[in-house]
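One structure is given below, encoded as structure tokens.
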Amino acid sequence: MSSMILDTAEKIFTRNANVLSPGTFDVVHWTEVEASGFTLALLAEEAGGFGLSAGDATSILRVSAKHASRLPLAETMLANWLLADSGLPIANGVTTIALVDALPSENCRSVVATRVPWARASGAVVVVALDGRIGSFDSPRIVAHGMNFAGEARDDIELVWSEEISKAKAPRRFETYLALCALLRVIGLAGSAEAALKLSVEYANDRVQFGRPIGRNQVIQHQLAIMASHVAASTAAADMAATAFPLVLTDEDRFKTIVASAKIRAGEAAGICASIAHQVHGAIGITEEYRLHNLTKQLWSWRDEYGNEAFWSEVLADQMLSMKTPSPWQFLSREAVHVD
Amino acid sequence: MDSNLGSDFSNAKRAHSWLGFDAAFSRSLGKRGWVGMTLPKKYGGHERTAMERYVVMEELLAAGAPVFAHWVADRQSAPLLLHYGTEEQRLEILPRIAAGECCFCIGMSEPNSGSDLAAAQTRATRKDEGYCVNGTKLWTTNAHKAHYMTLLARTDKSDERHGGMSQFLVDMRTPGIEVRPIIDLAGEHEFNEVRFDDVLLPPTALLGNEGDGWKQVMGELAFERSGPERFLSSFALLNELVRVLSDAPDRQARQAIGRLLGHLMVLRHMSQSVAGMLQRGENPTLQATIVKDLGTIIEQEIPEIARTLVKVEGSLESADTFAATFARTLLAAPSFSLRGGTREILRGIIARGLGLR
């Protein structure tokens with residue numbers, strides 16, 4: 092992973108200290124993030140990006156999650172990639188993604204998309220339907236405001252039919268788009284879990300009870316060791332999924348398998364990590380003032396967004412069971428189509 | 358496997374996993390060039406990369422091949438000899454390991470020294486003609502079949518807990534060694550008690566330097582803990598589960614099986630990255646420890662999940678493959694988080710890695 096990108100991201104996301112009310116983000120900070128080019132990080136050079144690997148591009152999101160920077164970055168980053176991938180013009184500013192059962196049509200001119208990330212701040216929405224058709228909508232009407240635990244906007248919006256939208260194509264399968272969204276959450280989960288571990292270890296070394304740091308107790312050490320192993324699994328899941336990103340273009344099935352695995356693993360780790368982090372911290376960890384909850388709320392929100400563990404487990408099992416002779420090992424070790 | 362073990366080598370037999378012992382099968386793997394793969398050619402090896410060796414190990418484990426006759430020698434004794442053995446020992450023993458003909462056992466644990474390895478009391482006293490060994494090793498897997506043991510023994514009265522220990526290469530035919538069987542809860546004979554009564558070893562038996570035993574053993578454990586056998590031991594039962602359920606899997610079954618696949622996919626990714634670290638000459642102790650801890654949890658979960666999805670009364674003698682495979686896996690499961698370092702020891706290592714100890 093390029094250390095220059097990480098250093099830049101680290102600098103930019105560390106500066107974000109403004110505490111804002113839930114459902115909003117720091118516009119000045121966002122301007123800085125946009126100016127740094129992060130929103131174009133997933134794009135290929137010919138599409139206006141910088142030719143970063145998916146691992147490098149997503150490492151920016153990992154840093155952002157570690158600092159609990161509440162920004163519409165993951166959505167804008169992927170929305171831009173989706174637009175480029177579908178041959179649609181790249182939008183300016185905050186752009187988001189909505190998944191719906193069907194696009195609006197002449198018969199059903201209005202469709203409501205629910206829990207759309209940061210819709211209230213978005214100039215454009217990339218909408219994907221179950222049939223794989225994908226289209227872009229400008230300034231959609233907000234039907235209802237909502238939020239996740241982490242204070243990120245999750246709004247309901249109304250999408251209205253236009254001549255334009257009736258021409259929408261379906262370059263990929265719906266579940267591939269869902270997996271792309273899930274991939275972003277896996278990256279965020281890994282970053283959040285990593286930061287929660289760091290905070291918990293620091294706290295265990297600092298906090299003195301019974302005359303010594305609580306981290307000297309074997310029970311606490313073992314709890315943190317369990318957490319560390321789940322953080323390692325979560326990080327490995329994120330690396331695995333990011334590395335698989337180019338497969339979107341060549342082998343959507345395998346891409347889905349890998350992201351499904353990653354979301355299952357990172358999702359399960361999220362609950363365990365949040366629970367141990369809070370237990371180690373004791374009462375201070377559940378106060379609004381202390382920053383642990385910013386991380387654990389990300390863990391609790393993102394594990395359920397774009398398919399929870401149960402959902403993706405069924406997807407994986409169905410993929411394996413649909414083999415001519417279902418074989419767990421052949422399924423696990425299937426050679427991915429090599430991508431240069 | 359089909360040509361050596363027959364196409365009817367059932368999942369119940371495969372459930373022995375890497376603890377299945379078949380000397381003829383190990384020899385045939387040696388003939389294929391699949392043992393001692395990374396060793397130099399002048400020692401009978403094939404100068405393959407660690408990743409190539411990893412691929413072969415995974416395939417053997419996934420298939421439930423009986424590999425125990427050569428597994429320990431290939432995994433940790435060969436690298437140990439390559440590093441610390443005399444040229445004569447390397448020329449004599451490494452080609453036999455690469456041929457799949459040489460079985461090693463590991464003399465670490467003792468009656469009063471299990472997880473607390475530094476408490477070992479077996480003593481090797483220097484004499485004019487070499488070393489005289491007295492003491493008892495316990496839980497020594499395959500000692501009754503092994504040609505050699507790598508022995509950890511005390512060589513001086515160091516005050517330092519980890520000092521004063523040395524490693525020796527012991528020919529199991531040396532007079533004064535007595536091997537007594539210990540039968541495990543599944544009725545299997547893998548463990549032994551090994552008694553050393555004035556056993557005289559030649560001076561060349563010393564591996565590395567006197568006093569470096571602890572350091573060398575810790576290096577060896579990195580090999581012992583890092584392989585794919587730490588997450589694939591229950592794989593035969595997963596295969597059985599899929600076989601039994603694949604006709605009409607309900608939602609609960611699909612969720613449970615899919616979850617296991619997801620976890621195994623990530624574990625495999627982690628295990629491969631440990632192999633990559635070994636290949637680059639990095640020290641993967643912490644990463645290997647984490648993979649073993651997570652891997653054995655999944656290995657132990659598989660029989661528990663299997664019995665919630667399929668009605669079964671386990672029996673080793675059962676003609677029903679599922680019941681027999683389930684029984685074999687369930688009865689082996691407690692050992693997964695004991696052998697090669699208990700779960701608690703591993704978590705201590707992880708905690709130290711976090712800066713808590």
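One line per chain: the protein sequences are A and B, in this order. Numbering of the first sequence is given in the numbering used here, commencing with residue 92 and proceeding in unit increments. Numbering of the second sequence is given in the numbering used here, commencing with residue 358 and proceeding in unit increments. Built from N, CA and C at the ideal position, the CB exists for glycine as well.
Every beta strand (DSSP E) of 3 residues or more that sits fully in the segment 213-253 of chain A is shown, in chain order, as 215-220, 225-229, 232-235, 245-251.
Put simply, the CB of residue 278/A is far from chain B, with every gap to its CB atoms at 7 Å or more. Contact check for residue 277/A against residue 357/A passes: the beta carbons are separated by less than 7 Å. The three-state secondary structure of residue 364/A, taken from DSSP, is helix. Among the residues facing chain A, residue 552/B is not included, as its CB has no counterpart in that chain under 7 Å away.
Counting only residues of its own chain and dropping the five nearest sequence neighbours on each side, residue 549/B has a CB closer than 7 Å to the CB of 497, 500, 501, 536, 537, 538, 539. The three-state secondary structure of residue 360/B, taken from DSSP, is helix. Nearest CB-CB separation between residue 404/A and chain B: below the 7 Å threshold.
Residues of chain A whose Cβ lies closer than 8 Å to the Cβ of residue 625/B are, in chain order, 423, 424. With respect to chain B, the C-beta atom of residue 407/A has a partner C-beta closer than 7 Å.
Around the Cβ of residue 251/A, a 10 Å sphere holds fewer than 16 other Cβ atoms; the residue is exposed.
The beta carbons of residue 229/A and residue 215/A sit about 5 Å from each other, so the pair counts as a contact at 8 Å. Per DSSP, reduced to three states, the secondary structure at residue 530/B is coil, with no helix or strand assignment. One finds nothing in chain A with a Cβ atom closer than 7 Å to the Cβ of residue 662/B; even the nearest lies about 12 Å away.
Listed along chain B, the residues sitting closer than 9 Å to residue 355/A by beta-carbon distance are 615, 616, 618, 619, 620, 622, 623. Bounds of the alpha helix (DSSP H) holding residue 416/B are 407-420.
Here residue 514/B carries a coil assignment [DSSP, helix/strand/coil]. Listed along chain A are 316, 317, 320, each with a C-beta nearer than 9 Å to that of residue 650/B.
In terms of beta-carbon proximity, residue 579/B stays away from the interface with chain A, with every pair separated by 7 Å or more. Each of 432/B, 510/B, 364/B, 662/B was checked against the Cα of residue 460/B, and the nearest Cα belongs to 432/B.
For the options 704/B, 362/B, 694/B, 526/B, the alpha carbon positioned closest to that of residue 445/B is the one of 526/B. In the DSSP annotation of this structure, residue 294/A is not part of any beta strand (DSSP E); the continuous alpha helix (DSSP H) holding it starts and ends at 265-297. By the criterion of at least three beta-carbon pairs nearer than 8 Å, the segment 335-350 of chain A is not in contact with the segment 295-306 of chain A.
With respect to residue 325/A, residue 284/A sits close: the two C-beta atoms are nearer than 7 Å.
At least 7 Å separates the beta-carbon of residue 248/A from that of residue 220/A. CA-CA distance, residue 164/A to residue 207/A, rounds to 14 Å. Judged by DSSP in its simplified three-state form, residue 366/B adopts coil rather than helix or strand.
For residue 504/B, DSSP records no beta bridge to any residue.
The contact set of residue 603/B on chain A, defined by CB atoms closer than 7 Å, consists of 412, 417 in chain order.
Residue 370/A counts as exposed, since fewer than 16 other beta carbons sit within 10 angstroms of its beta carbon. For the set 319/A, 411/A, 124/A, 261/A, the Cα lying nearest the Cα of residue 177/A is the one of 261/A. Residues of the segment 322-336 of chain A that bring their beta carbon within less than 7 Å of a beta carbon in chain B comprise 323, 324, 327, 328, 331, in sequence order. Residue 199/A is not bridged by DSSP to any residue. Boundaries of the beta strand (DSSP E) around residue 557/B: 546-558.
Going by DSSP, residue 398/B is part of no alpha helix (DSSP H) at all; its letter is neither H nor E. A Cβ-Cβ separation of about 5 Å places residue 552/B in contact with residue 493/B under the 8 Å criterion.
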